[in-house]
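J.: One structure coming up, written as structure tokens, with questions to follow.
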């Protein structure tokens, strides 16, 4: 008993530490994405966030009082409206720009789903986790406002993060520079896809891009939409440095477009619309029309020519092109005519042009084995509504691409 | 700057009122979470740790120190998305150590408090690093210059906070 009394403090210390280590071990083992929020978190957030909201309200109110009533009231109000308008237009611009690119690249693809942000909710940042190792912020919208886990959080500048935990009137947003976050990303020009992650030091890197790819500094990084959280085409940041990384991948550092260290107001993407792209029913016919104008007609086989072993006068390539290019439902569009005396040879078509169903070009993400497992590439592989002979397809494609969109 | 050994009978033992016991750590947690969104450089400070060291060295009771440290740490953990216990264990160790050392040393002057805060800040970071890396599997890099610099910054702020705590502590 004397020994116990003498070492009472140490025994209690060891007991408390043991209990915490045990609890930590259980959490580490059980941690899953859909784990319910622990009661201790709810209590802590319930104790801290009302005070944070009061501080934010006091600060905002005093600032608004000064700005709106004592200092250029009208100009400030106008400026606020204009900023709101710019935010809306920036989002619209991003969406339209991405739409245009997407339309050009995927015009002939079927079953390709486009994502659009259809509804957002403005939220005020009221606090942070207060830890270097947990790069996350609290916002003043929660379950009562319709916020749900895994909703994307953005600003007019770019992607901020995603909702991790939702409480009654607040939510915890995991920032993209946290080491446990991950964003499906794609490089704007090279269309290389990778995973954007944070590092312990707070930097953001793009992973899983093969080291034999050329990635220029300054290139924009967009969301790929493949992670199912962030809508496709949102600006994430810009490449700042590219260096050889470990194993087979590049080490690509990215500067986030949104200023993650000074977040005040953010937008939570509460609704994303998925639109099924519909193929242009006239595209095949038009391609054939154009092809028919460029190529000489296929002469009718003279009677008995085959019988006598005389080869056809039409070039083999032209014959193959015509037979391959004409879809079954538009045969009447191409009227074979006999070549006249002034008939010109067929206009050469770029053989390297790729088409739906054919192998993608070298720079395309789908061309790389490491970049194939993404939504876009997967969708792209399902393409080609009406398969045509592979020998013909490259010749058809330029006609399609030459068309004004 | 004098850190002198004292006997248990010589040291003063203080207590804090209930509002101060509850309100000051809560205020430290709120400010720790709130200030970085306006002033990002505040992230290098650990206000709950400074309050804990201040409480522990004034009370000079190891049990009270480890309980206070454990509770403050667990609340701090609960505000992050990391598993609960990282700060809890680190601050339990610091609370116990600061209380125990408070019995042995005279930590009433600013110099002693400054050095003590640096010492316990580094202890806190070492324990946190070991648990975060060893048990949770977080990627962390240890940097002595950074930790020492942060320790000095925290100690400088700690001296100010301890002076404020002196105003609310009560002699037993």
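Chains as they are written, first to last, in our numbering: chain A, 130 to 534; chain B, 47 to 218. We put the beta carbon where it would ideally sit given N, CA and C, even for glycine. On a predicted model such as this, the values are computed, not experimentally measured, just so you know.
Below 8 Å, can you find three or more Cβ-Cβ pairs linking the stretch 185-204 of chain B to the stretch 155-164 of chain B?
T.: The answer is yes - the stretch 155-164 of chain B touches the stretch 185-204 of chain B, with three or more Cβ pairs under 8 Å.
J.: With 8 Å as the limit, tell me which residues of the stretch 149-160 of chain A have their beta carbon closer than that to any beta carbon of chain B; keep them in chain order.
T.: For the stretch 149-160 of chain A, which is checked against every Cβ of chain B, the residues closer than 8 Å are 149, 150, 152, 153, 154, 156, 157, 160.
J.: If we ignore side chains and look at the alpha-carbon of each, how far apart do residue 218 (chain B) and residue 61 (chain B) end up?
T.: Their Cα atoms are separated by approximately 6 Å.
J.: Excluding the 5 residues flanking residue 275 (chain A) on each side, which residues of the same chain have their C-beta closer than 8 Å to its C-beta?
T.: Only 250, 399 meet the Cβ criterion.
J.: For residue 155 (chain A), count the other beta carbons within 10 Å of its own beta carbon; 16 or more makes it buried, fewer makes it exposed. Which is it?
T.: Exposed, by the Cβ-count rule.
J.: Mapping the DSSP letters down to three states, classify residue 127 (chain B) as helix, strand or coil.
T.: In the structure shown, residue 127 (chain B) sits in coil (DSSP, three-state: anything other than H, G, I, E or B).
J.: Does DSSP put residue 149 (chain A) in a helix, in a strand, or in coil?
T.: Helix.
J.: Tell me where the beta strand (DSSP E) around residue 364 (chain A) begins and ends.
T.: From DSSP, the beta strand (DSSP E) with residue 364 (chain A) extends over 364-373.
J.: Using 8 Å as the threshold, is the C-beta distance between residue 127 (chain B) and residue 293 (chain A) below it?
T.: Yes, these two residues count as a Cβ contact at 8 Å.
J.: According to DSSP, is residue 247 (chain A) helix, strand or coil?
T.: If DSSP states are grouped into helix, strand and coil, residue 247 (chain A) belongs with the strands.
J.: The beta strand (DSSP E) that contains residue 320 (chain A), what's its start and end?
T.: Residue 320 (chain A) -> no beta strand (DSSP E), and no H or E assigned at all.
J.: Rounded to whole angstroms, what is the Cα-Cα separation between residue 92 (chain B) and residue 149 (chain B)?
T.: Rounded to the nearest angstrom, the two C-alpha atoms are 24 Å apart.
J.: Starting from residue 191 (chain B) and walking both ways along the alpha helix (DSSP H), at which residues does that stretch end?
T.: Residue 191 (chain B) -> alpha helix (DSSP H) spans 190-214.
J.: Taking beta-carbon pairs under 7 Å, can you tell me which members of the stretch 242-264 of chain A lie near chain B?
T.: Cβ contacts with chain B come from 254, 256, 257, 258, 259, 260, 261, 262, 263.
J.: So what's residue 108 (chain B) in DSSP terms, helix, strand or just coil?
T.: Looking at residue 108 (chain B) - three-state DSSP - the assignment turns out to be helix.
J.: Using a threshold of 8 Å, state whether the C-beta atoms of residue 153 (chain A) and residue 112 (chain B) are closer than that.
T.: Not a contact, by the Cβ cut-off of 8 Å.
J.: Nearest to residue 167 (chain A) by CA position, among B:177, B:125, B:141, B:166, is which residue?
T.: Ranking B:177, B:125, B:141, B:166 by Cα distance to residue 167 (chain A) puts B:125 first.
J.: Determine, using beta carbons only, whether residue 208 (chain A) comes closer than 8 Å to chain B.
T.: It does not: the Cβ of residue 208 (chain A) has no partner Cβ on chain B nearer than 8 Å.
J.: Starting from the C-beta of residue 378 (chain A), find all residues in its chain whose C-beta is less than 7 Å away, skip the five residues before and the five after it, and write them out in chain order.
T.: Correct list, in chain order: 336, 337, 338, 339, 340.
J.: Determine, using beta carbons only, whether residue 216 (chain B) comes closer than 8 Å to chain A.
T.: Judged by the 8 Å Cβ criterion, residue 216 (chain B) is not in contact with chain A.
J.: So what's residue 217 (chain A) in DSSP terms, helix, strand or just coil?
T.: Note: residue 217 (chain A) maps to helix in three-state DSSP.
J.: Taking Cβ-Cβ distances below 8 Å as the criterion, which residues of the stretch 376-390 of chain A are in contact with chain B?
T.: Residues passing the 8 Å Cβ filter: 390.
J.: With H, G and I counted as helix, E and B as strand and the rest as coil, what does DSSP make of residue 119 (chain B)?
T.: In the structure shown, residue 119 (chain B) sits in a helix (DSSP, three-state: H, G or I).
J.: On the premise that residue 313 (chain A) lies in contact with residue 356 (chain A), defined as a C-beta separation below 8 Å, what is that separation, rounded to the nearest angstrom?
T.: Rounded, the Cβ-Cβ distance is 4 Å, consistent with contact.
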